[in-house]
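Chains as they are written, first to last, in our numbering: chain A, 638 to 1044; chain B, 696 to 979.
Ideal Cβ positions, reconstructed from N, Cα and C, are used throughout, including at glycine.
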Amino acid sequence: MIRIATLLLGLAVAALAGSVHAQAPIKIGVIIPATGPFAIIGEEVKNGMEMLFAESGNTVAGRKVELIVEDDGNKAEIGLTKAKKLVERDKVQVVSGVVASFVAYALRDYMVSSKIPLMITVSGADGLTQQDAAPNIFRTSGSGSHQSHVLGEWLYKKKGYRRMIVMAPNYAMGYEQTGGFVRTFKEAGGKIVKTIYPPLGAPDYGPFLSSIDTSTADVIGVVFAGGDAVRFVKQYAEYGLKGKLPLVGSGLLTDDLVLQAQADAAVGIITALNYSRSLESPENQAFVTRYVQRYKRIPTNYAEYSYVGARVIKEAIESVKGKAEDSVALAAAMKKVHFVAPRGPFKFDAYNNPVNAIYIFQVEKQGTTYYNKVIEHYDAVSQFYPWGAKAYLAKPKYVDMANKWVD
Amino acid sequence: MSFWLIQTLNGLSFGVLLFLLAAGLSLIFGLMRIINLAHGSFYLLGAYVAIAVAGKTGNFWLALVAAPLAVAVVGALAQRSLLNRVADNELGQVLMTFGLLLVISDVSLLVWGGAPLTLEKPAALEGSVQLAGAFFPIYRLAIMAFGALVALALWLFIERTRLGAVLRAGVDDPEMVQGIGINLPLVLSLVFALGALLAGLAGALAGPILGAAPGADFAVVMLAFAVVVVGGLGSLKGAFWGSMFVGLVDNFGKALVPELSLFTIFVPMAMVLVIRPTGIFGRS
């Protein structure tokens, strides 16, 4: 008798568990640096993700969505531990976020073997959607060199520049983002006269800047991000180089995170990127308005990247009718998602990197605020522009080319 | 010609900032025998407070006075309420300063956010001057002049005043100093506050050049450690010449061989350690 009762109880518990499972929330892990120098980017990532799901009442395909935010402390090993915790203990259906490239690389193999989709919304390390691409690894920001390819060509053809000095921090981000425009600039016929790679976070650019001989070049192409970008742009003006040698660069140089702090020193700088809050499309205006309402500040590109990443996840969950536990089907659905994002039309290429417009911006001042004005745009640019995937992947990697550009 | 002139000025102006940092670090070590790991946090706090004050009042000079004082108060409070509790335990004190570093950096993140901020220069120091055909920022010339004044004032204070004599005596023989009726714990608090004040001053002065952002505390304090290793811990003279040396070597290293720029600071440091483990002006 007791046995039968136990059996019945067991059955009831199992049935109950089954029904709970059907209504269990979909869990999405968000790995961000919440402390350290990239904390502000981490916050933007979290905001973008939160905002998108909040707009649909935190419910997708009839199931509640729950974000589980983890701090990677900007360290690779902590990031990996947090990813394992999210996948194995919290049983999340998607892992997203990831800012630093070393964290992204540390997660890669584990995420590939877990089959759980990894939606990278910031890290630009080229390899993750090139040589090391995988069916369950996605990126909504773009690979490091992706943004830069159109710029080098444009500088040569439209601005008539022929000789360039290159300056960037001495690690992968710097090499990839400058490498992109250097390669197309050289292939168009331009020459690189000098490359300078200061250490990451160099407190003072004075010595590097005052060793530049402006008579040898007609443009300087750089990339610096965050606090480095603010110091670099201000010091460039202080050392009398602004106005003497045009300053151009990858979009992070004057993105919306740093532009107001750079102020007048940034006016006139030309950059290339896939997003700025100043884009005039109705999709973007609506996004900016809602973001400002919700967070009382203007969104940066990092918020847009994560908002777009969240939307890809949401639409994929809808197209698998809420069955987010089937990781392979979910990843396949994510790959097919396409829509008009705040940045413009968005879809993935065969390597799960975005295909989107790249804008050439120039910094202007309007009243007391500074903004990136669109002066040119290239539609539907893939990371392999203009060569195509096969020809591009046959070329040496940018990190290996960094010290070989000078003619 | 202009290249060498500008690079030398660069190195000296950076050296002055390093001196303000290293002098505080060195003074604290001299008297308390601990490495203050939170010294970079005091620097960053100085920059943040200066930016906040300048933002509210629009007055750079007020910010330059208020920030070091505010940081000195924080330093004094930290010393009296935390470090004092583990006064006889050097390792405990160092760990305490490490805890302080973490707390200050997270509180700054909470208060000022993570976006990089800069301090606006006063209009009078805006712009550049032309020297031998090259541009040099006026603000950096002002830093050099100001730093020289501070160095002189510090030297006069330590060598020529009664309190300075007590400090020197405290470094040499703390027990004897207490034996003749001087309140050494009070002197320790004063020195800790003075060290914090100098670091805060460095932060405020560097605000328009280096700005304030999370992580700046580490970047700068590393260089200050290099300075005190080269110059010798606990000696003001050592901090001064060490700063000039590191400022210049760092600068010419970056300008001439940018690929080796970290190497050019830490290799001379390692060589000094091998040849004179106490630093050039340090006493064993």
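Whole-angstrom distance between residue j and residue i, CA atom to CA atom
| i | j | result |
| --- | --- | --- |
| A860(B) | G716(A) | 52 Å |
| Y942(A) | W936(B) | 49 Å |
| G843(A) | K683(A) | 35 Å |
| Q1003(A) | P883(A) | 21 Å |
| D912(B) | E1001(A) | 32 Å |
| G948(B) | K721(A) | 43 Å |
| S776(B) | A782(B) | 11 Å |
| S751(A) | N773(A) | 9 Å |
| A985(B) | A818(B) | Residue 985(B) lies beyond the stretch modelled for chain B, which goes from 696 to 979, so this question has no answer here. |
| A950(B) | S693(A) | 54 Å |
| G655(A) | A661(A) | Annotation note: pLDDT 47 at G655(A) (below 50); position unreliable, coordinate value reported separately. Computed Cα separation, rounded: 10 Å. |
| Y747(A) | V748(B) | 48 Å |
| S803(B) | A762(B) | 14 Å |
| G886(A) | G827(A) | 16 Å |
| A1039(A) | G781(A) | 14 Å |
| G910(B) | P670(A) | 13 Å |
| Q899(A) | I907(A) | 14 Å |
For residue i, three-class secondary structure by DSSP
| i | result |
| --- | --- |
| D708(A) | strand |
| V977(A) | strand |
| N1009(A) | strand |
| K951(A) | helix |
| L894(A) | coil |
| S956(B) | coil |
| S823(B) | strand |
| P832(B) | strand |
| H783(A) | coil |
| N946(B) | helix |
| V830(A) | strand |
| A654(A) | With a pLDDT of only 49 at A654(A), under 50, the local geometry of the prediction cannot be trusted, and no value is derived from it. |
| M638(A) | Low confidence applies to M638(A): its pLDDT is 49, below 50, so where it sits in the model is not reliable, and the reading given next is rough at best. Looking at M638(A) - three-state DSSP - the assignment turns out to be coil, as it is neither helix nor strand. |
| E875(A) | helix |
| A854(A) | coil |
| K683(A) | helix |
| A909(A) | strand |
Beta carbon of residue i nearer than 8 Å to that of residue j
| i | j | result |
| --- | --- | --- |
| T937(A) | E681(A) | yes |
| L723(A) | G811(A) | no |
| G789(A) | G761(A) | no |
| V740(A) | D709(A) | yes |
| S800(B) | S736(B) | yes |
| G942(B) | F709(B) | yes |
| G770(B) | G929(B) | no |
| A919(B) | G926(B) | no |
| F675(A) | V736(A) | yes |
| Y996(A) | V974(A) | no |
| L893(B) | A742(B) | no |
| M801(A) | V856(A) | yes |
| L797(B) | I746(B) | no |
| A888(B) | A767(B) | yes |
| A899(B) | L700(B) | no |
| R980(A) | N911(A) | yes |
| S915(A) | Y1008(A) | yes |
Residue i at chain A interface by Cβ criterion, 8 Å
| i | result |
| --- | --- |
| T813(B) | yes |
| L905(B) | yes |
| D801(B) | yes |
| A921(B) | no |
| I701(B) | yes |
| L804(B) | yes |
| P832(B) | yes |
| S930(B) | no |
| K751(B) | no |
| F709(B) | yes |
| P909(B) | yes |
| P953(B) | yes |
| F698(B) | yes |
Any chain B beta carbon closer than 8 Å to residue i
| i | result |
| --- | --- |
| F869(A) | no |
| T815(A) | no |
| G781(A) | no |
| A654(A) | At A654(A), the pLDDT of 49 sits below 50, so the modelled position is not reliable and the matter cannot be decided from this model. |
| I802(A) | no |
Bridge partner(s) assigned by DSSP for residue i
| i | result |
| --- | --- |
| P817(B) | None, per the DSSP bridge assignment. |
| E714(A) | According to DSSP, which records beta bridges pairwise, E714(A) is partnered with nothing at all. |
| F983(A) | F976(A) |
| H1014(A) | Y996(A) |
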